[in-house]
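Asker: Sharing a structure below in structure tokens format, with a few things to ask.
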Amino acid sequence: MRSFVIFRLSFLAILLPVATCFLPSYAQETTCSTSLLSSTSSSSVDMSMKWFQHELTITAPSRGCHLITADVQKAISKDLGQIKIGMCNLFIQHTSASLTVNENADPDVRRDMEVALNKIVPASWNHDGTFKHTMEGDDDMPGHVKTSLMGPSLNLPIRNGRLALGTWQGIYLNEHRDQGGWGGGHSRNIIVTLQGQG
Amino acid sequence: MRSFVIFRLSFLAILLPVATCFLPSYAQETTCSTSLLSSTSSSSVDMSMKWFQHELTITAPSRGCHLITADVQKAISKDLGQIKIGMCNLFIQHTSASLTVNENADPDVRRDMEVALNKIVPASWNHDGTFKHTMEGDDDMPGHVKTSLMGPSLNLPIRNGRLALGTWQGIYLNEHRDQGGWGGGHSRNIIVTLQGQG
Amino acid sequence: MRSFVIFRLSFLAILLPVATCFLPSYAQETTCSTSLLSSTSSSSVDMSMKWFQHELTITAPSRGCHLITADVQKAISKDLGQIKIGMCNLFIQHTSASLTVNENADPDVRRDMEVALNKIVPASWNHDGTFKHTMEGDDDMPGHVKTSLMGPSLNLPIRNGRLALGTWQGIYLNEHRDQGGWGGGHSRNIIVTLQGQG
Numbered sequence: 086m087r088s089f090v091i092f093r094l095s096f097l098a099i100l101l102p103v104a105t106c107f108l109p110s111y112a113q114e115t116t117c118s119t120s121l122l123s124s125t126s127s128s129s130v131d132m133s134m135k136w137f138q139h140e141l142t143i144t145a146p147s148r149g150c151h152l153i154t155a156d157v158q159k160a161i162s163k164d165l166g167q168i169k170i171g172m173c174n175l176f177i178q179h180t181s182a183s184l185t186v187n188e189n190a191d192p193d194v195r196r197d198m199e200v201a202l203n204k205i206v207p208a209s210w211n212h213d214g215t216f217k218h219t220m221e222g223d224d225d226m227p228g229h230v231k232t233s234l235m236g237p238s239l240n241l242p243i244r245n246g247r248l249a250l251g252t253w254q255g256i257y258l259n260e261h262r263d264q265g266g267w268g269g270g271h272s273r274n275i276i277v278t279l280q281g282q283g
Numbered sequence: 086m087r088s089f090v091i092f093r094l095s096f097l098a099i100l101l102p103v104a105t106c107f108l109p110s111y112a113q114e115t116t117c118s119t120s121l122l123s124s125t126s127s128s129s130v131d132m133s134m135k136w137f138q139h140e141l142t143i144t145a146p147s148r149g150c151h152l153i154t155a156d157v158q159k160a161i162s163k164d165l166g167q168i169k170i171g172m173c174n175l176f177i178q179h180t181s182a183s184l185t186v187n188e189n190a191d192p193d194v195r196r197d198m199e200v201a202l203n204k205i206v207p208a209s210w211n212h213d214g215t216f217k218h219t220m221e222g223d224d225d226m227p228g229h230v231k232t233s234l235m236g237p238s239l240n241l242p243i244r245n246g247r248l249a250l251g252t253w254q255g256i257y258l259n260e261h262r263d264q265g266g267w268g269g270g271h272s273r274n275i276i277v278t279l280q281g282q283g
Numbered sequence: 086m087r088s089f090v091i092f093r094l095s096f097l098a099i100l101l102p103v104a105t106c107f108l109p110s111y112a113q114e115t116t117c118s119t120s121l122l123s124s125t126s127s128s129s130v131d132m133s134m135k136w137f138q139h140e141l142t143i144t145a146p147s148r149g150c151h152l153i154t155a156d157v158q159k160a161i162s163k164d165l166g167q168i169k170i171g172m173c174n175l176f177i178q179h180t181s182a183s184l185t186v187n188e189n190a191d192p193d194v195r196r197d198m199e200v201a202l203n204k205i206v207p208a209s210w211n212h213d214g215t216f217k218h219t220m221e222g223d224d225d226m227p228g229h230v231k232t233s234l235m236g237p238s239l240n241l242p243i244r245n246g247r248l249a250l251g252t253w254q255g256i257y258l259n260e261h262r263d264q265g266g267w268g269g270g271h272s273r274n275i276i277v278t279l280q281g282q283g
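Line by line, the protein sequences are chains A, B and C.
Residue numbers for the first sequence follow this note's numbering, beginning at 86 and rising by one.
Residue numbers for the second sequence follow this note's numbering, beginning at 86 and rising by one.
Residue numbers for the third sequence follow this note's numbering, beginning at 86 and rising by one.
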């Protein structure tokens, strides 16, 4: 009975995403319109706040930018289905691999991202006196810089049981090392934390 | 009666941000002091965990960095007022537009940000053999790189019904395309997810 | 009695992180394995959703990248102990100082990060016509760019009462100004927001 009440409330949350306001344009800046997608408040009736946490271990086949949307979605599909509004955080527990969102269609974009990162943070900085932390190889200190530029933590909204990614958006794991560091390979741990209201 | 109890508890959460610790300086590193602003725990009495989700459609007048703090705040002002401690996530569902926080006063900062991004990821990389994904125009692959560097996802804390931005902080929408890609204009979707405790 | 029930449920959440799936390799892309670390759902029994918010004031001894993991952990250790699964957000309320995660061992990495940032966004852009916002000093506009590249907001997962940082990961405060701007020194406010389920 209780779960039915929760279900019915959740259902209302889907059916009632009424467009609540349409803001007028701002002078010369930006124009903006807004729709309320959903809104839930866990009062004494609906208390189905959910938390899930997973550890994904992903091994990239090579240095570079890799699309991991399918890996992530498979790992969390059961959890996602239980969340109407929520957030999903991906956190990579390393300092020479990073996470981002980028174009999911043309493989050239992944290739071009890797090339661009190598121009922004060139390996030559290991040899021209720029870097002092050079003992772990030419890919190490550039990998640390790239990781901080791209970021180790990625937050994606959840809407009606799905990651609210745009049509062309995919999740990237960027492997910045040739061999994963200290000879350990490219195996990378990602902590996936989901939270939301069902 | 119940809502009065919740209100009273929330009120206490405002009145009691007691400075709980003052940490001594660390040797040569950083000095640090801490205040507890608020703390709530939704036990059997206060269960007012709230979630809101909006879709903002923002159209930038041109390529470049645009201040959208007012757009965002208008869209979520009703929700914000219900949250004492919380988080607000802005997620732009595109791969050639990004979100960040930057200086909100001098328009030259917005102009200089755009110029800096064009120097860090120059359009010339479309013509010197750096990029292969060049068929969508000179602004496309650079836009993908800039988006990943700046990030599509922005997390802002909520405190006492307001975004806890610093005095000089504003929310930026960075439009990296000349025409929004594929001739579709600059219309960009942002999913705004708010959560917190009232 | 009630808190004992909650404790027992939380205990189960620790004891039962069953590996639920082992995904097969993907063709040429990435290989991935998944473990469910924990999963809790606040039903009518367990409603211990917790929120904490602190203000940290950290003063860096100089421009550059500084390890502040210990400062952060001391400030939030009592809160962390109450959270089984959660998220911790650090938000720096400034536009010329940023937060990231990077290598926590070799001080040369901190030094090299600062040097790399100065090459990616050189101070010379104040003098060659690139920047117009130059009146606040050579460190100001570069500081704004670096802050947006690195980001002012950092999200870290919480697992079993601890920040789920990797072995080599530390939290960095990057101070991009020589004197903190407008002569105000290097004192920086960080809003720390913790949320999770106990």
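For each residue, glycine too, the CB sits at the ideal point set by N, CA and C.
Could you give the residue range of the beta strand (DSSP E) that holds Arg244(B)?
Answerer: 238-244 is the extent of the beta strand (DSSP E) around Arg244(B).
Asker: For chain B, check one thing: does any of its Cβ atoms lie closer than 8 Å to the Cβ of Glu140(C)?
Answerer: True, the Cβ-Cβ gap to chain B drops below 8 Å.
Asker: Inspect the beta-carbon positions of Ile243(C) and Thr154(C) and report whether they are closer than 8 Å.
Answerer: Not in contact: Ile243(C) and Thr154(C) (Cβ atoms no closer than 8 Å).
Asker: With a cut-off of 8 Å on the beta carbons, I'd call Ser183(C) and Met235(C) a contact; round off their distance for me.
Answerer: Right, the Cβ-Cβ distance comes to about 4 Å (below 8 Å), so this counts as a contact.
Asker: Closer than 7 Å between beta carbons: that is the criterion. Which residues of the region 234-245 of chain B meet it against chain C?
Answerer: Correct list: Leu234, Met235, Gly236, Leu239, Asn240, Leu241, Pro242, Arg244.
Asker: Sort Thr144(A), Leu152(A), Lys159(A), Phe137(A) by Cα distance to Ile299(C) and report the nearest one.
Answerer: Because chain C is modelled from 86 through 283, residue 299(C) falls outside the range shown and cannot be assessed.
Asker: From His151(C) to Asp197(C), what does the alpha carbon distance come to, in whole angstroms?
Answerer: Between His151(C) and Asp197(C), the C-alpha separation is close to 12 Å.
Asker: Taking the Cβ atom as the reference point for each residue, do Gln282(B) and Gly171(B) lie within a distance shorter than 8 Å?
Answerer: Result yes, Cβ atoms of Gln282(B) and Gly171(B) sit closer than 8 Å.
Asker: Distance check for Asp156(C) and Ile177(C), CA to CA, integer angstroms please.
Answerer: About 14 Å.
Asker: Taking a contact to mean a Cβ-Cβ separation below 8 Å, would you say Ile275(B) touches Leu165(B) in this structure?
Answerer: No, these two residues do not count as a Cβ contact at 8 Å.
Asker: Closest by CA to Glu188(B), which one among Lys217(B), Thr252(B), Val277(B)?
Answerer: The residue with the shortest Cα to Cα distance from Glu188(B) is Thr252(B).
Asker: Which whole-angstrom value describes the C-beta separation of Arg262(C) and Gly228(C), a residue pair presumed to lie in contact below a C-beta threshold of 8 Å?
Answerer: Confirmed, Cβ separation roughly 5 Å.
Asker: Go through its chain and collect everything with a Cβ distance to Ile143(B)'s Cβ below 7 Å, but skip five positions before and after it.
Answerer: Excluding sequence neighbours, Ile143(B) sits near Ile153, Asp156, Leu258, Arg273, Ile275.
Asker: What residues of chain C sit near Cys173(B), judged by a beta carbon separation below 9 Å?
Answerer: Ordered by position in chain C, no residue passes the 9 Å Cβ test against Cys173(B), which lies about 10 Å from the chain.
Asker: Since Trp253(A) meets chain B, which of its residues come closer than 7 Å, beta carbon to beta carbon?
Answerer: Ordered by position in chain B, the residues that pass the 7 Å Cβ test against Trp253(A) are Thr180.
Asker: Which of helix, strand or coil does DSSP assign to Met235(A)?
Answerer: Correct three-state label for Met235(A): helix.
Asker: Select from the region 182-195 of chain B all residues with a C-beta closer than 7 Å to any C-beta belonging to chain C, and list them in chain order.
Answerer: For the region 182-195 of chain B, which is checked against every Cβ of chain C, the residues closer than 7 Å are Thr185, Val186, Asn187, Glu188, Asp191, Asp193, Val194.
Asker: DSSP state of Val186(A), grouped into three classes?
Answerer: Strand, per DSSP.
Asker: Can the beta-carbon of Thr219(B) be found closer than 8 Å to that of His139(C)?
Answerer: No, they are not a contact pair.
Asker: Identify the continuous alpha helix (DSSP H) that holds Glu260(C) and give its terminal residues.
Answerer: Premise fails: Glu260(C) lies in the beta strand (DSSP E), 254-260, not in any alpha helix (DSSP H).
Asker: Is the CB of Met226(B) under 8 Å away from at least one CB in chain A?
Answerer: Taking Cβ atoms only, chain A reaches closer than 8 Å to Met226(B), which makes this a yes.
Asker: Where do the N-terminal and C-terminal ends of the beta strand (DSSP E) with Asn174(B) fall, by residue?
Answerer: Taken as a continuous stretch (DSSP letters only), the beta strand (DSSP E) holding Asn174(B) covers 170-177.
Asker: Using a Cβ cut-off of 8 Å (strictly closer), state whether Ser120(C) contacts chain A.
Answerer: Answer yes: the Cβ-Cβ gap between Ser120(C) and chain A drops below 8 Å somewhere.
Asker: What span of residues does the alpha helix (DSSP H) with Val200(B) cover, start to end?
Answerer: Residues 192-205.
Asker: Looking at the C-beta of Asp197(C), does it have a partner C-beta in chain A at a distance below 8 Å?
Answerer: Output row for Asp197(C): interface = yes.
Asker: Any beta carbon from chain B within less than 8 Å of Gly281(C)'s own beta carbon?
Answerer: Not an interface residue.
Asker: My guess is that Ser233(B) and Thr185(A) are in contact by the Cβ rule of under 8 Å, so how many angstroms apart are they, rounded?
Answerer: That pair is a contact at about 4 Å.
Asker: For His218(C) and chain B, any beta-carbon pair shorter than 8 Å?
Answerer: It does; some Cβ of chain B falls within 8 Å.
Asker: Apply the 10 Å Cβ neighbour rule to Ala190(C) and answer buried if 16 or more other Cβ atoms are within range, or exposed otherwise.
Answerer: Classification of Ala190(C): exposed, given that the 10 Å Cβ count is below 16.
Asker: Under 9 Å Cβ-Cβ, which residues of chain B neighbour His212(C)?
Answerer: The premise fails here: His212(C) is roughly 13 Å from chain B at the closest Cβ pair, so nothing lies under 9 Å.
Asker: Pop quiz: Ala44(A) and Leu241(A) are said to be a contact at Cβ under 8 Å. What is the actual Cβ separation, rounded to whole angstroms?
Answerer: An answer regarding residue 44(A) cannot be provided, because it is not within the stretch 86 to 283 covered by chain A.
Asker: Compute the Euclidean distance between the alpha carbons of Gln280(C) and Ser133(C), then round it to the nearest angstrom.
Answerer: Their backbone Cα atoms lie some 11 Å apart in a straight line.
Asker: Would you report the Cα separation of His271(A) and Asp224(A), rounded to the nearest angstrom?
Answerer: Their backbone Cα atoms lie some 13 Å apart in a straight line.
Asker: Could you check whether the Cβ of His229(B) sits closer than 8 Å to any Cβ belonging to chain A?
Answerer: So, interface residue.
Asker: Do you know whose CA, among Val277(C), Lys217(C), Ala160(C), Thr278(C), lies nearest Asp193(B)'s CA?
Answerer: Considering only alpha carbons, the answer is Lys217(C).
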